[in-house]
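Report on the following structure.
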Amino acid sequence: MLLSKSRNSPDEFGKYVCFPIFFLLVSQASDPKVIMGGRKMPRDEENAYGFQEFRSALQERRLRLLLAGRSGTGKSATGNSILQRKHFLSRLATTAVTRACATGSCCWASWDVEVLDTPDLFSPEVAQADPGFKERGRCYLLSAPGPHAVLLVTQLGRFTAQDLQAWRGVKALFGAGIAAHAVVVFTRREDLDGGSLQQYVRDTDNRALRELVAECGGRCCAFDNRAADGEREAQVRELMGLVEELVRDHGGAPYTNDVYRLAQTLGGLSPEERLRRVAERLAARARTWPLAGLWWWPKAGLGTRCKLGLAALLGALFLLYLLCRRRPEAVTV
1 MLLSKSRNSP DEFGKYVCFP IFFLLVSQAS DPKVIMGGRK MPRDEENAYG FQEFRSALQE
61 RRLRLLLAGR SGTGKSATGN SILQRKHFLS RLATTAVTRA CATGSCCWAS WDVEVLDTPD
121 LFSPEVAQAD PGFKERGRCY LLSAPGPHAV LLVTQLGRFT AQDLQAWRGV KALFGAGIAA
181 HAVVVFTRRE DLDGGSLQQY VRDTDNRALR ELVAECGGRC CAFDNRAADG EREAQVRELM
241 GLVEELVRDH GGAPYTNDVY RLAQTLGGLS PEERLRRVAE RLAARARTWP LAGLWWWPKA
301 GLGTRCKLGL AALLGALFLL YLLCRRRPEA VTV
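All the letters of the sequence shown, read from the start, carry residue numbers 1 to 333 under the UniProt record's numbering.
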């Protein structure tokens, strides 16, 4: 394994680190297709961490949607619009209202839809707010065996550095491959004044926003969470059209990674033990993230020049490391 062997001698370090750096220079981004599906058990706290059978969403007609983004963008209100009722706590406040992960469900067309609302799990402050990875572990267990779509919620006209940090936090928690299952949802649709969302994204001066939407495959829609019932239903229909397209593209399989696969093996354990195991895995991933992230780099939404520049910098730093290690020690008398 790359992460364990890289701690040995300088020669072994070079063997296991130089190769992925070279690999990154010549590899092409690709989104691996996943082959896992799932069926949820009832959503009470007693069995929410239960074992999930592997089934395709196309077979079972069940969708799991995970709301993500920075606090204050309207995640909970968007969840309520999808559920067509006030289920998640949502109000105007100067501090985060949502403190823990919460789920809600509804029927839409022929789908059973499960929505997971999340607290502030994606900002740089999450390390202080969730030092034991317990809430992030609950997020995994409540969305197991994986979400069919991650809805990245941001306010129209207010995409800031904090929103970009939140998106990076989403990828840090789930892996860069989550972009292939992401939909950007803009709140405050009313600010478009009847204009086209696609034209707004295309013409915006906010380069980071344009790159985000492109990284998510161009999938985006807008919500006015205070709209009348008929308009809100049309908004949900547009979103669900994007989600259905995602489901077809992935053969009905949700997003998955090593943590979701671990969660699938813990069906015989108590909810507390499952949470402990998943939290431990997340903590281990966080400790090894700098090197593990190299493998995700080809899939990241970076330009070619940026990748080459970062790879050259890593190579130079590694060469300096080797030179320092091989320098003869000073002779003392």
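Using N, Cα and C, we set each Cβ at its ideal position, and we do this for glycine too.
What does residue i pair with, by DSSP beta-bridge criteria?
i, result
"G104", "V115"
"R64", "E114"
"E187", "The sequence given here has Thr at residue 187, not Glu. Per DSSP, Q155, F223."
Out of the options, point me to the one whose CA is closest to residue i's CA.
i, options, result
"R158", "L209, L197, G194, A263", "L209"
"D120", "W167, C106, Q235", "W167"
"T154", "S196, A182, V247, T187", "T187"
"S123", "D258, S71, A149, F133", "S71"
"F174", "Y200, G146, T103", "G146"
"P131", "A286, R62, A253", "A286"
"V184", "D258, C216, R136, A172", "C216"
"P271", "R261, K134, N257, D258", "K134"
"E114", "R99, N80, A312", "N80"
"L63", "R274, R136, V150", "V150"
"I178", "L212, T73, D193, L239", "L212"
"A283", "A172, E245, A312, F88", "A172"
"C101", "Q235, V236, L308, S76", "S76"
"A176", "R61, N257, A263", "N257"
"T78", "A253, V278, R226", "R226"
"S143", "R261, G241, D163", "R261"
"A214", "G252, H250, A182", "A182"
"Q235", "D203, T288, I82", "I82"
"T118", "P254, A263, G169, L242", "G169"
Put residue i into one of helix, strand or coil per three-state DSSP.
i, result
"L152", "strand"
"A222", "strand"
"F174", "helix"
"A228", "coil"
"A316", "helix"
"A180", "helix"
"Y255", "coil"
"G69", "coil"
"P139", "Sequence check: residue 139 is Cys here, not Pro. Three-state DSSP puts C139 in a helix."
"K86", "coil"
"residue 334", "The chain is shown from 1 up to 333; residue 334 falls before or after that span and cannot be answered."
"S81", "helix"
"A129", "helix"
"F54", "Only weak support exists for where F54 lies, its pLDDT of 46 falling under 50; the value from the coordinates is given anyway. The answer is coil: DSSP assigns F54 none of H, G, I, E or B."
"G195", "coil"
"P271", "helix"
"T322", "Here residue 322 is Leu; the residue named in the question, Thr, does not match the sequence. Three-state result, L322: helix."
"R285", "helix"
"S76", "helix"
"D249", "helix"
"D163", "helix"
"G217", "coil"
"R99", "coil"
"L121", "coil"
"L239", "helix"
"D205", "coil"
"A263", "helix"
"A109", "coil"
With a threshold of 16 other CB atoms inside 10 Å of the CB of residue i, please say whether the residue is buried or exposed.
i, result
"residue 334", "Beyond the ends of the chain as shown, which are 1 and 333, falls residue 334; an answer cannot be given."
"A129", "exposed"
"D205", "exposed"
"K86", "exposed"
"S110", "exposed"
"L319", "exposed"
"E125", "exposed"
"L141", "buried"
"C107", "exposed"
"L317", "exposed"
"G104", "buried"
"R248", "exposed"
"D229", "exposed"
"G137", "buried"
"G74", "buried"
"L116", "buried"
"Q59", "exposed"
"L275", "buried"
"G267", "exposed"
"D193", "exposed"
"A161", "exposed"
"R189", "buried"
"R219", "buried"
"A312", "exposed"
"L308", "exposed"
"R99", "exposed"
Using 8 Å as the Cβ pair cut-off and three pairs as the minimum, do the stretch 194-204 and the stretch 60-77 touch?
-> no
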